[in-house]
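Participant: Could you have a look at this structure, given as structure tokens, before my questions?
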Amino acid sequence: MARGCLQGVKYLMFAFNLLFWLGGCGVLGVGIWLAATQGNFATLSSSFPSLSAANLLIVTGAFVMAIGFVGCIGAIKENKCLLLTFFVMLLLVFLLEATIAVLFFAYTDKIDRYAQRDLKKGLHLYGTQGNVGLTNAWSIIQTDFRCCGVSNYTDWFEVYNATRVPDSCCLEFSESCGLHAPGTWWKAPCYETVKMWLQENLLAVGVFGLCTALVQILGLTFAMTMYCQVVKADTSCA
38 MARGCLQGVK YLMFAFNLLF WLGGCGVLGV GIWLAATQGN FATLSSSFPS
88 LSAANLLIVT GAFVMAIGFV GCIGAIKENK CLLLTFFVML LLVFLLEATI
138 AVLFFAYTDK IDRYAQRDLK KGLHLYGTQG NVGLTNAWSI IQTDFRCCGV
188 SNYTDWFEVY NATRVPDSCC LEFSESCGLH APGTWWKAPC YETVKMWLQE
238 NLLAVGVFGL CTALVQILGL TFAMTMYCQV VKADTSCA
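Take any residue in the sequence shown, note its place counting from 1, add 37, and you have its number in the numbering used here.
Shown next, in the form of structure tokens:
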């Protein structure tokens, strides 16, 4: 009976981790594609230049693949050490995510101030050599969200000595339109506009976070259940 239960949990655990590993492969693949085709796309921070969408996806994908691989091998080999390693790794990730979420909500105001200050510093890197990712990211954000600068278009005056703004700030895009009068530029602040968009899509973000947490809890449950079943099977055979 114990052996039959162990086999059932074993195949469920293997299937779960195989999907987990394949998901990691997908995330890693997207990250590599972004890095190869778009440079360091979405690198907006001057303090953390490596914190790009491509790098985050590559690191996340590789880590998820590693966890999934350990879980798959642990399940198929019925190895207590690997099952426990998988459990501890996934538990640490879960606790880290929970800690980050709590700290984010506890220090929202401080994070807001720091983020705006850091983004304004990053504006000075716009259009400079080696900062294609930052330049592309700002151009896309200002065009898609119809905004200009972090707080408003005057943020760009510190970069261009009050002579112009990037062409992506223009109401109607044309070559060198950023040299025209302020009346032809977007007035909305990009930071608040993007923040408002995130708040409007908070439900989707919350559902994604909840689904992620449930998947991790399911993985922890499978791992601990199988670990206990392996211990029980070993004990009954002894």
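Beta carbons are placed, not taken as given, at the ideal position from N, Cα and C, and that holds for glycine.
With DSSP run on the structure shown, which of helix, strand or coil describes TRP223?
Facilitator: For the purposes of this step, residue 223 is taken as residue 186 along the sequence shown, with counting starting at 1. Reduced to three states, the DSSP call for TRP223 is coil.
Participant: Which residues mark the beginning and the end of the alpha helix (DSSP H) in which VAL139 is found?
Facilitator: Sequence index remark: in the sequence shown, residue 139 carries index 102 (1-based). Here the alpha helix (DSSP H) through VAL139 covers 117-143.
Participant: Taking buried to mean at least 16 other C-beta atoms within 10 Å of its own C-beta, is ASN238 buried or exposed?
Facilitator: By 1-based counting over the sequence shown, the position of residue 238 is 201. Looking at its Cβ environment, which holds fewer than 16 other Cβ atoms inside 10 Å, ASN238 is exposed.
Participant: Among GLY256, TYR48, CYS109, which one has its Cα closest to the Cα of VAL130?
Facilitator: Counted from its first residue, the sequence shown places residue 130 at position 93. When each option's Cα is compared against that of VAL130, the closest is GLY256.
Participant: Whole angstroms is fine: what's the gap from PHE124's alpha carbon to ALA143's?
Facilitator: Indexing the sequence shown from 1 puts residue 124 at position 87. Indexing the sequence shown from 1 puts residue 143 at position 106. Approximately 28 Å between the Cα atoms of the pair.
Participant: Going by alpha carbons, who is nearest to VAL46 out of ALA103, VAL64, GLY170, LYS114?
Facilitator: The residue you call residue 46 lines up with position 9 of the sequence shown. Checking every option, the nearest Cα to that of VAL46 belongs to LYS114.
Participant: Quick one: residues in its chain with C-beta nearer than 6 Å to the C-beta of GLY68, no 5 flanking neighbours on either side, listed in chain order?
Facilitator: Walking along the sequence shown from the start, residue 68 turns up at place 31. Excluding positions up to five away in sequence, the list reads ALA91, LEU94, ILE95, GLY98.
Participant: Just tell me which of ILE137, GLY186, GLN166 has its CA closest to the CA of VAL231.
Facilitator: On the sequence shown, residue 231 is found 194 positions in, with the first residue counted as 1. Answer by Cα proximity: GLY186.
Participant: Give the DSSP-derived three-state secondary structure of CYS206 in the structure shown.
Facilitator: In the sequence shown, the residue the question calls residue 206 occupies position 169. CYS206 falls in the helix class under three-state DSSP.
Participant: Once you ignore the five residues that flank ILE110 on each side, which residues in its own chain have a CB closer than 8 Å to its CB?
Facilitator: As a working note, residue 110 is residue 73 in the sequence shown. Counting only Cβ-Cβ distances below 8 Å, and skipping sequence neighbours, we find ASN116, LEU119.
Participant: Would you kindly work out how many angstroms separate the C-alpha atoms of THR165 and ARG201, rounded to a whole number?
Facilitator: Position 128 of the sequence shown, counting from 1, holds the residue named residue 165. Position 164 of the sequence shown, counting from 1, holds the residue named residue 201. Cα to Cα, the separation comes out at about 16 Å.
Participant: Could you tell me the alpha carbon to alpha carbon distance between THR35 and LEU162, rounded to whole angstroms?
Facilitator: Since the first and last residues shown for the chain are 38 and 275, residue 35 lies out of range.
Participant: Quick check on MET38: buried or exposed, where buried means 16 or more other Cβ atoms within 10 Å of its Cβ?
Facilitator: Position 1 of the sequence shown holds residue 38. Residue placement at MET38 is poorly supported in this model, since its pLDDT is 48, which falls under 50; the coordinates still yield a value, given next. Exposed, because fewer than 16 other Cβ atoms sit within 10 Å of the Cβ of MET38.
Participant: From PHE141 to ASP155, what does the alpha carbon distance come to, in whole angstroms?
Facilitator: As a position in the sequence shown, residue 141 is number 104, starting the count at 1. As a position in the sequence shown, residue 155 is number 118, starting the count at 1. The straight-line gap from Cα to Cα measures roughly 17 Å.
Participant: Look at the alpha carbon of GLN179 and the alpha carbon of CYS214, and state the distance between them as a whole number of angstroms.
Facilitator: Working through the sequence shown from its first residue, we reach residue 179 at position 142. Working through the sequence shown from its first residue, we reach residue 214 at position 177. Going from the Cα of GLN179 to the Cα of CYS214 covers about 14 Å.
Participant: Here's the rule I'm using: 16 or more other beta-carbon atoms within 10 Å means buried, otherwise exposed. How should PHE245 be labelled?
Facilitator: Looking up residue 245 in the sequence shown gives position 208. With fewer than 16 other Cβ atoms within 10 Å, it is exposed.
Participant: Thinking just about the alpha-carbon of each residue, which of CYS207, SER205, TYR190, VAL242 is nearest to the one in ALA199?
Facilitator: Position 162 of the sequence shown, counting from 1, holds the residue named residue 199. Closest option to ALA199, Cα to Cα, is TYR190.
Participant: Using only the alpha-carbon positions, how far apart do GLY108 and LEU65 sit?
Facilitator: Sequence index remark: in the sequence shown, residue 108 carries index 71 (1-based). Sequence index remark: in the sequence shown, residue 65 carries index 28 (1-based). Rounded to the nearest angstrom, the two C-alpha atoms are 18 Å apart.
Participant: Comparing C-alpha positions only, which one of LEU59, CYS207, GLY159 sits nearest to GLU195?
Facilitator: By one-based count along the sequence shown, residue 195 stands at place 158. Of the candidates LEU59, CYS207, GLY159, the one whose C-alpha sits nearest the C-alpha of GLU195 is GLY159.
Participant: Between the Cα of ILE104 and those of GLY60, LEU71, LEU132, spot the shortest distance and give me the residue it belongs to.
Facilitator: On the sequence shown, position 67 is the one that residue 104 refers to. ILE104 has its Cα closest to that of GLY60, out of GLY60, LEU71, LEU132.
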